[in-house]
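Inspection log for the structure reproduced underneath, given as structure tokens.
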Amino acid sequence: MKRVSSHVSIASEAEINLDLSRLLIDKPRLTLERKRSFDEQSWSELSHRQNDGFDSIMHSPAFPSGFDSPFSLGTLGDPHPLVNEAWEALRKSVVYFRGQPVGTIAAVDHASEEVLNYDQVFVRDFVPSALAFLMNNETDIVKNFLLKTLHLQSSEKMVDRFKLGAGAMPASFKVDRNRNRNTETLVADFGESAIGRVAPVDSGFWWIILLRAYTKYTADTSLAESPECQNCMRLILNLCLSEGFDTFPTLLCTDGCSMIDRRMGIYGYPIEIQALFYMALRCALQMLKPDGEGKDFIEKIGQRLHALTYHMRNYFWLDFPHLNNIYRYKTEEYSHTAVNKFNVIPDSIPDWVFDFMPCRGGYFLGNVSPAMMDFRWFALGNCIAIISSLATPEQSVAIMDLIEERWDELVGEMPLKICYPAIENHEWRIITGCDPKNTRWSYHNGGSWPVLLWLLTAACIKTGRPQMAKRAIELAESRLLKDGWPEYYDGKLGRFIGKQARKFQTWSIAGYLVARMMLEDPSTLMMISMEEDRPVKPTMRRSASWNA
């Protein structure tokens, strides 16, 4: 088993450059001393930030300006040959609307006969592209994207004869050019053209997260504070915070509503959606103006975060002691004293978990609902849990310990497994409906996705383990350009280019660039990362009789 233990202490910008320049020259070592994580130390040492609001926005002048100048690798030495190639490929994917850049298409694969919807700008796909452009001081394309998708939110959203909620954000959009009339219009897809006709739950969350990243980098609060953006956030949140029959603070979702956009057994309360929901709530809490409707939403967010944080950290978390407890659960318990609150049958624990779970390490389960626990590991949800501080500092360390202990299984020869393990045989037939694209160790069923490299890098830096990120980046660099920037890789180790993978996949390119830039300047992590949250308590209202 290959292992990398690489914790460093990060205190100031000068020390970052000194420590990383020293660490990143050497090869990974197995016996590096464990130090405090990035999150355990004061953020103000890097950004002089005083609170969670926008009083002191980070704006780094370290990135060169100009559309044609990629970042300098500084402490990492001379720029890797892949960097210039990546920027060239990323710029080829830029979409223009009426002369202005508004996003990047999903893939520029000229060899593919079928375009399908890979020529559209996807909200979730654009996030790593947006971060790359922000880090390179190219902010206009990000602002334009945020404004255009905001305006598309007000479009009529009909699937057959059913109208979607006002707050739903599009999965993607494309530029429709009428050459006869010499006009351009944006056409949005809210799921009516998607496989399975599923609306994207994650699009709205990514939009809020990206708005905060833009605001933090540019120090321009005018966009987030504009009436249009304030209303957009409220509409998105209204879909998520409305009262219903739910007994849990988590969001109930259908299959195919996120990055895993095909039937993969994630219906219920998938970790990816819950982690993004948590992060979007915290981002919105920082950006909503405390007046009028905003004040009511701020109160609702505080109440939801209080319950959601407790629920996720207690019921979704799995490590060796928790696994042992579940293994010994009694069933059919009633009353408030029940230990097995979800009535999980111990015999339903899959055999692979007992071998997969190390004594040191842990992760958030894929899904938790009545009588069901999905024990699969999902990379995006766990990385977002670290970045957003949904995971406690101890849980963040445990997640990274798990990746370190199970490097071959989760990283292999191409980072990073979207989920582990793959489902196969009879289980595959039942759960996926015999989906020929999601066969074992392929696509969303245990495939390896290079785009996840930026999320892994962010998690590594935040927990003080840049050497793990460096090792993963070097693995990707050995293949990506040679293989033509594939969308995903197949096989247990991620050794083979995906059987239906598109080449020149934009978020594979952007994910690599963001990972490299973030490792070069860890202070850029603050654009997307969040501090350890202070205990969020719901607002207590006094009754009318109190004042009387």
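Here the sequence shown stands for residues 612 to 1159, where the numbers follow this note's numbering.
Yeah, the Cβ is synthetic: ideal placement off N, Cα and C, and Gly gets one too.
Check your understanding: What whole-angstrom Cβ distance do A1080 and A1126 have, given they're in contact under 8 Å?
Key -> Taking the sequence shown and counting its residues from 1, one reaches residue 1080 at position 469. Taking the sequence shown and counting its residues from 1, one reaches residue 1126 at position 515. 7 Å between Cβ atoms; contact.
Review point. In whole angstroms, what separates the C-alpha of E943 from that of V950?
Key: By 1-based counting over the sequence shown, the position of residue 943 is 332. By 1-based counting over the sequence shown, the position of residue 950 is 339. Those two C-alpha atoms are separated by around 10 Å.
Check your understanding: So, helix, strand or coil for L1027, using DSSP?
Key -> What you label residue 1027 is simply residue 416 of the sequence shown in a count that begins at 1. Three-state result, L1027: coil.
Exercise for review: Would you mind reading off the limits of the beta strand (DSSP E) that contains W928?
Suggested key: Here residue 928 refers to the residue found at position 317 of the sequence shown. That run of the beta strand (DSSP E) goes W928 to D930.
**Study point:** Close beta carbons around Y1031, own chain, < 7 Å, minus the five adjacent residues each side
**Key:** As a working note, residue 1031 is residue 420 in the sequence shown. Result list for Y1031: R987, W988, E1020, L1021 and G1057, in chain order.
Check your understanding: Per DSSP, what kind of secondary structure is N728 in: helix, strand or coil?
Key -> Translated into the one-based positions of the sequence shown, residue 728 becomes position 117. Coil at N728, not helix or strand.
Check your understanding: Taking the beta strand (DSSP E) that P712 falls in, what are its first and last residues?
Key -> Position 101 of the sequence shown holds residue 712. Residues Q711 to T715.
Practice item. To the nearest angstrom, report how far apart F784 and E1015 are at their CA atoms. Key: As a first step, residue 784 must be located in the sequence shown, where it is residue number 173. As a first step, residue 1015 must be located in the sequence shown, where it is residue number 404. In a straight line, the C-alpha of F784 is about 39 Å away from that of E1015.
Check your understanding: With contact counted as at least three CB pairs below 8 Å, one residue from each stretch, are the stretch 731-741 and the stretch 818-836 in contact?
Key -> yes
Check your understanding: Quick one, are the C-beta atoms of A886 and I912 less than 8 Å apart?
Key -> For the purposes of this step, residue 886 is taken as residue 275 along the sequence shown, with counting starting at 1. For the purposes of this step, residue 912 is taken as residue 301 along the sequence shown, with counting starting at 1. No.
Review point. Of all the options N755, P1077, E725 and N728, which has the alpha carbon lying nearest to the alpha carbon of Y707?
Key: The residue labelled residue 707 in the question sits at position 96 within the sequence shown. Of the listed residues, the one whose Cα sits closest to Y707 is N755.
Exercise for review: Reducing DSSP to helix, strand and coil, say where W988 ends up.
Suggested key: On the sequence shown, position 377 is the one that residue 988 refers to. If DSSP states are grouped into helix, strand and coil, W988 belongs with the strands.
Exercise for review: Assign K638 to one of three DSSP states: helix, strand, or coil.
Suggested key: For the purposes of this step, residue 638 is taken as the residue at position 27 of the sequence shown. Low confidence applies to K638: its pLDDT is 34, below 50, so where it sits in the model is not reliable enough to give any reading.
Check your understanding: Are L1001 and Y1100 closer than 8 Å when you measure CB to CB?
Key -> In the sequence shown, counting from the first residue as 1, residue 1001 sits at position 390. In the sequence shown, counting from the first residue as 1, residue 1100 sits at position 489. It is not a contact, given that the beta carbons lie outside the stated cut-off.
**Study point:** Residues near G1095 in its chain [Cβ-Cβ closer than 7 Å; skip 5 each side]
**Key:** Working through the sequence shown from its first residue, we reach residue 1095 at position 484. Excluding positions up to five away in sequence, the list reads K1114 and F1115.
Exercise for review: Would you list, in sequence order, the uninterrupted alpha helix (DSSP H) runs of no fewer than 4 residues that lie entirely inside the stretch 1008-1056?
Suggested key: 1018-1021 and 1036-1043
Review point. Since W1120 and L701 are thought to touch, with beta carbons under 8 Å apart, how far apart are those beta carbons, to the nearest angstrom?
Key: For the purposes of this step, residue 1120 is identified with residue 509 of the sequence shown, where counting begins at 1. For the purposes of this step, residue 701 is identified with residue 90 of the sequence shown, where counting begins at 1. Checking the displayed sequence, the identity of residue 1120 turns out to be Ile instead of Trp. Indeed they touch by this definition, with Cβ atoms about 5 Å apart.
Check your understanding: How is Y825 classed by DSSP in three states: helix, strand or coil?
Key -> As a first step, residue 825 must be located in the sequence shown, where it is residue number 214. Helix, per DSSP.
**Study point:** Rounded Cβ spacing between I882 and N978 (contact assumed at less than 8 Å)
**Key:** Here the question's residue 882 lines up with position 271 in the sequence shown. Here the question's residue 978 lines up with position 367 in the sequence shown. The pair is a contact, with the Cβ atoms about 7 Å apart (cut-off 8 Å).
Check your understanding: Who does L797 pair with in a DSSP beta bridge?
Key -> Counted from its first residue, the sequence shown places residue 797 at position 186. According to DSSP, which records beta bridges pairwise, L797 is partnered with V786.
Check your understanding: Since M746 and Q764 are thought to touch, with beta carbons under 8 Å apart, how far apart are those beta carbons, to the nearest angstrom?
Key -> Along the sequence shown, one-based indexing puts residue 746 at 135. Along the sequence shown, one-based indexing puts residue 764 at 153. That pair is no contact at about 27 Å.
Exercise for review: Enumerate in chain order the residues of its own chain whose CB-to-CB distance from I819 is below 7 Å, with the five nearest sequence positions on each side excluded.
Suggested key: As a position in the sequence shown, residue 819 is number 208, starting the count at 1. Same-chain partners within the cutoff: M844, I847, A891, C894 and A895.
Practice item. Using DSSP bridges, identify the partner residues of V770. Key: Here residue 770 refers to the residue found at position 159 of the sequence shown. DSSP links V770 through a beta bridge to F773.
Point to revise | Beta bridge counterpart(s) of M983 as assigned by DSSP | key: For this step, residue 983 is matched to residue 372 along the sequence shown. According to DSSP, M983 bridges with S980.
Practice item. Determine the closest residue to E1024 out of L1091, W928 and M1137, with distance taken between C-alpha atoms. Key: Within the sequence shown, numbered from 1, the residue matching residue 1024 stands at position 413. It is L1091.
Exercise for review: For A982, count neighbouring C-beta atoms within 10 Å of its own C-beta (all shown protein chains included) and say buried if the count is 16 or more, exposed if not.
Suggested key: Here residue 982 refers to the residue found at position 371 of the sequence shown. Flag for A982 reads exposed.
Point to revise | Beta-carbon gap between L976 and D966 smaller than 8 Å | key: As a position in the sequence shown, residue 976 is number 365, starting the count at 1. As a position in the sequence shown, residue 966 is number 355, starting the count at 1. No. Outside cutoff.
Point to revise | Helix, strand or coil at I1139 according to DSSP, with G and I counted as helix | key: To locate residue 1139, count along the sequence shown from 1; it is residue 528. Three-state result, I1139: coil.
**Study point:** Identified DSSP bridge partners for A700
**Key:** Here residue 700 refers to the residue found at position 89 when the sequence shown is read from its first residue. According to DSSP, A700 bridges with nothing at all.
Check your understanding: Do L1086 and G1122 have their C-beta atoms within less than 8 Å of each other?
Key -> Indexing the sequence shown from 1 puts residue 1086 at position 475. Indexing the sequence shown from 1 puts residue 1122 at position 511. Cβ distance not < 8 Å, so L1086 and G1122 don't count as in contact.
Review point. With a CB to CB cut of under 8 Å and the five nearest residues on each side skipped, what residues in its chain are close to I1029?
Key: To locate residue 1029, count along the sequence shown from 1; it is residue 418. The answer, listed in chain order, is M870, I871, F989, A990, L991, H1055, G1057, G1058, S1059, W1060, L1063 and Y1099.
**Study point:** Reduced DSSP category for S1059 - H, G, I as helix; E, B as strand; rest coil
**Key:** For this step, residue 1059 is matched to residue 448 along the sequence shown. S1059 falls in the strand class under three-state DSSP.
Exercise for review: Determine, using beta carbons only, whether G972 and A1009 come nearer to each other than 8 Å.
Suggested key: In the sequence shown, the residue the question calls residue 972 occupies position 361. In the sequence shown, the residue the question calls residue 1009 occupies position 398. Result yes, Cβ atoms of G972 and A1009 sit closer than 8 Å.
Exercise for review: Sort L761, I997 and E749 by Cα distance to S837 and report the nearest one.
Suggested key: Sequence index remark: in the sequence shown, residue 837 carries index 226 (1-based). Residue L761 is the option with its Cα nearest to S837.
Practice item. Quick one: measure Cβ to Cβ for E803 and V770, integer angstroms, because I've assumed they're closer than 8 Å. Key: Translated into the one-based positions of the sequence shown, residue 803 becomes position 192. Translated into the one-based positions of the sequence shown, residue 770 becomes position 159. Yes, they are in contact, since the Cβ atoms of E803 and V770 sit about 5 Å apart, within 8 Å.
Review point. On the three-state DSSP scale, how would you describe T861?
Key: One-based indexing of the sequence shown puts residue 861 at position 250. Annotated three-state conformation of T861 is coil, per DSSP.
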